[in-house]
Each structure stands twice: as structure tokens, then as C-alpha cells.
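Asks: Pasting a structure here, questions to come.
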């Protein structure tokens, strides 16, 4: 019962700022001679949510004195649990080209995806 609740919650989050993407994937097909043929495959459109994850960290030494700060910003994507997304996939959204670097299937509720901006 709880899984259905959280899946609907994730769908509401995605629908708050939806982005339609068309993923292209390099698929390896055996050629019959112990080799591979690489073919580019285009998947059907999917609706996802792309967001920017920011983090701030304060570095301290053993005495508790602050010695520096670290700030990072990472582009991420939130997908439904049944989204067809794999590491290495590419797509274009919001005027940028992205590559999927990591896919985390979160308790079969949703998929949290880390992205790399190519262009």
C-alpha cells in the first residue's frame, strides 16, 4: 500500500515541472562471428523531472577550525519506477545535451538519475 502512495507522490513531483525527453541508446547486437555490431536505438518519449541539486560543505581540521568551504551543483533527473533509463543513454532537454552517468532504482518507487552535461 505504501509503495503506491509514494509512486503517486513521485508522479506529482514530476508533473510539477515536467520535461519530455527522447533517449538514444547504443545497443550492441551479436554479428554471429564472435563480434558485435553497435546500433543507435531511439526510445519512445518519456516524461521526467530534471532538477539541480546543490550542496554546501564546511571543511574543518581536528581542532574544529574551519579551513575551507566546498560548494557543488549537480544536474539530476527523477523518473517513474518503470522508466527505461540505463547508464550511457543520451538525450536533449532544455537546450542541453545530457548523458546518464548513474541510475539508482530507489526501492522500486522511482529512479534517481545523475546526469552529465555534454553540450
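In my numbering, the protein residues as written are 34 to 152. All residues carry an ideal CB built from backbone N, CA and C; glycine is no exception. Note that the coordinates shown come from a computational prediction; the quantities given were computed from them, not determined experimentally.
Could you check where the beta strand (DSSP E) with residue 71 kicks off and where it finishes?
Replies: As a working note, residue 71 is residue 38 in the chain shown. Unbroken beta strand (DSSP E) run through residue 71: 69 to 75.
Asks: Below 8 Å between beta carbons: does that hold for residue 116 and residue 144?
Replies: Residue numbering aside, residue 116 sits at position 83 when the chain shown is read from its first letter. Residue numbering aside, residue 144 sits at position 111 when the chain shown is read from its first letter. Result yes, Cβ atoms of residue 116 and residue 144 sit closer than 8 Å.
Asks: State the beta-bridge partners of residue 133 as determined by DSSP.
Replies: The residue labelled residue 133 in the question sits at position 100 within the chain shown. Residue 133 pairs with 148.
Asks: Can you name, in chain order, every residue of its own chain whose Cβ lies under 7 Å from the Cβ of residue 114, other than the five neighbours on each side?
Replies: In the chain shown, the residue the question calls residue 114 occupies position 81. If we look at residue 114 and ignore the five residues flanking it on each side, its Cβ neighbours are 40, 141, 142, 143, 144.
Asks: How should residue 64 be labelled, buried or exposed, when 16 other C-beta atoms within 10 angstroms of its C-beta is the threshold for buried?
Replies: Residue 64 sits at position 31 when you count from the first residue of the chain shown. Flag for residue 64 reads exposed.
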